[in-house]
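For the sequence shown, my numbering puts the final residue at 78, and the numbers step up evenly by one.
Following: one structure in structure tokens, then a few remarks.
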Amino acid sequence: MDLTSADFDGDGDVDLVAGVYNLYEYRKGRLYFFENDGKGNFSLRRYPSTK
Ligand SMILES: [Ca+2]
28 MDLTSADFDG
38 DGDVDLVAGV
48 YNLYEYRKGR
58 LYFFENDGKG
68 NFSLRRYPST
78 K
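And the structure:
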């Protein structure tokens, strides 16, 4: 799993993105986007892999 932080949606708060991959079946990899509400609370926005 990889984790990175940046303001991905441009609202001024630092968000988190976690990438989870499967070495044997790459199509099962997933990307999780945690949106910061500005108060330090993160809401999960899940993005399925599409390719
Ligand atoms: Ca943000």
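Where is the CB? At the ideal position from N, CA and C, for every residue including glycine.
For residue i, collect the residues of the same chain with a Cβ closer than 7 Å to its Cβ; drop the 5 residues on either side in sequence, then sort them by chain order.
i: residue 78; result: Reliability of the predicted coordinates at residue 78 is poor, the pLDDT of 49 falling under 50, and no value is obtained from them.
i: residue 71; result: 59, 61
i: residue 48; result: 56
In chain order, what residues of the same chain lie with their CB nearer than 8 Å to the CB of residue i, ignoring the 5 residues before and after it?
i: residue 42; result: 32, 33, 34, 35, 36, 60, 61, 62, 63, 69
Could you pull out every residue in the same chain whose Cβ sits closer than 6 Å to the Cβ of residue i, ignoring the five residues on either side in sequence?
i: residue 46; result: 29, 58
i: residue 50; result: none
i: residue 73; result: 59
i: residue 66; result: none
i: residue 40; result: 63, 65
* Go through the residues and name those whose CB comes closer than 7 Å to any heavy atom of ligand 1, in chain order. => The set, ordered by position in the chain, is 34, 35, 36, 37, 38, 39, 40, 41, 42, 62, 63.
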